[in-house]
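Per my numbering, the sequence shown starts with residue 226, numbered consecutively.
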Amino acid sequence: MRAECRQASTLLHPDSGHVLSFDREGRLYTFYDDGVLYKRALDSSLHWRRREDGGPRERGVLSREEARTVYEKVHHFVERGVRELEPDCSARFRQEVLPWTPERLLAEKERFDAVYRPIAILPPDQYFSVVVQATEGCTWNKCTFCSFYQGRPFSVKNPQQLKEHALAVRDFLGKQLLLRKSVFLGDGNALALSRSRLLPIFEAVREVFPGYPIYSFVDLYTGERHDPADWGELRSLGLRRVYVGMETGLDELLAFLNKPGSAAELTAFVESLKAAGVSVGLIVMVGVGGREYAARHAEATIDALARMPLDQDDLVYLSPFIEHPDSQYALDRQQAGLHPMSSEEAEAELQRLALQIRALGTRAARYDIREFIY
Ligand code: SF4
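Dropping the structure here:
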């Protein structure tokens, strides 16, 4: 039995097949259990993944009862740790970790629901941000492939509500803030608000989370358009990077997805952000449009990216496309006679695109939306 009592986290190594990590509130964060990695989300849902014998990665989310069984196992390890560790570390386990019984951990769901509306998605480099839901939903909500915010009308918190929400988030996270180094302004399109509505939001975030860099999604088709001076002002208030669902550089395919805009508009938008010192994260869907669109989708996307002033501060995320069987996209695809790419084809395409994007002088990374956790 071994432990590491770090400033921002606590680790327990009972034996070679098990590793547990906890935040400084004492709540479980990860549990490696003989080949299965469990990650606890803030609502105490438990996400698992494993890969057996070089096969494909498997993943899923446990039911509440299954999660309880895992939390009981975790609690037994902690009880052992309290008995067997050296006094210094044992005291931290006794004071911080042991009070988190399985019941208390599961009850975090109610605390989470009191603070947050469901959080649909984040960019991978922001899974460890502090989410502040300035808005809820998406201003557009009509892309045929997207189910992130279905049934949730777009709404905006007023400055008072936002301040209360940010304070509640801070209270809920507690000492887990030691692990979280940025603020992500949710949900789908917070930066589409007008400058006059955004400034108090940024001020409130800066007051509650001083010094935290700010990140957010935006689309360029709905809401207020910001000029470089607006972006520069938001930059001075902490905005560091905005993430845009580019999806494809092929306008025809974008229209097929019912997403407004064009590669030329996106290029101008990126120029405007970069001129203000704000970096971008562009998300491209690999495999969307099926085999029939694959070559033109790839070529137009690389062409569009090559025209943008991207550098090493920026990121291009390549996201294997996941078709939801009951989506409008699935219907449209069948009617158009398009054939989905196999996961092997999409993976090979992703690797090809990543190489081409890196050759443009910017960063490319895989973005599997099934791995999202907050
Ligand atoms: S703009 Fe983004 S969040 Fe909104 S519907 Fe389209 S893909 Fe979904």
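Idealized CB from N, CA, C, for every residue including glycine.
Under the rule that 16 or more other beta-carbon atoms within 10 Å means buried, what is residue i, buried or exposed?
i    : result
H390 : buried
Q375 : exposed
T235 : buried
R249 : buried
Q401 : buried
Q358 : buried
P348 : buried
G260 : exposed
V472 : The question names Val, yet the displayed sequence has Glu at residue 472. Under this definition E472 is a buried residue.
N414 : buried
R282 : exposed
D412 : buried
With a threshold of 8 Å (Cβ to nearest heavy atom), would residue i be considered close to ligand 1?
i    : result
D444 : yes
Y374 : yes
F597 : no
G474 : no
G279 : no
T360 : no
G512 : no
C314 : no
G470 : yes
G413 : yes
F370 : yes
K484 : yes
N383 : no
C230 : no
K334 : no
W273 : no
T364 : yes
K264 : no
K367 : yes
Please state the DSSP three-state secondary structure of residue i.
i    : result
F318 : helix
W365 : coil
G306 : helix
S504 : strand
V443 : coil
Q358 : strand
Y263 : strand
R293 : helix
Y257 : strand
E277 : coil
H549 : coil
L347 : coil
E229 : strand
R591 : strand
H301 : helix
H522 : helix
Grab me the residues of residue i's own chain with a C-beta within less than 7 Å of its C-beta, minus the 5 sequence neighbours each way, in chain order.
i    : result
I346 : F373, I594, F597
R289 : L331
R377 : E361, G362
G242 : D259
L464 : I439, V503
Starting from residue i, trace the alpha helix (DSSP H) both ways and give me its first and last residue.
i    : result
I426 : 420-433
Y554 : 553-561
T492 : 488-500
A454 : 453-461
D396 : 384-398
D412 : Element bounds for D412: n/a, residue is neither H nor E.
L287 : Neither: L287 is in no alpha helix (DSSP H) and is coded neither H nor E.
K484 : First-last for K484: undefined, no H or E at that position.
R329 : 327-331
What span of residues does the beta strand (DSSP E) with residue i cover, start to end?
i    : result
G514 : Where G514 is concerned, there is no enclosing beta strand (DSSP E), given that its DSSP letter is neither H nor E.
D248 : 243-248
S234 : 234-240
E572 : Run containing E572: none in the beta strand (DSSP E); it sits in the alpha helix (DSSP H), 568-584.
P545 : 540-545
L464 : 464-472
Between which residues of its own chain and residue i is the CB-CB distance below 6 Å, once the five residues before and five after are set aside?
i    : result
L262 : R274
P475 : It should be pointed out that residue 475 corresponds to Leu in this sequence rather than to Pro. R521, H522, A525, listed in sequence order.
Y518 : L478
Y554 : T369, F370
F337 : L267, D268
Report all residues from its chain with a CB closer than 8 Å to the CB of residue i; omit the five preceding and five following residues, and keep chain order.
i    : result
V295 : F256, D258, Y263, L271, L287
H451 : L416, R420, L459, S497
P534 : V495, E496, K499
D313 : C230
E304 : L323
E297 : P327
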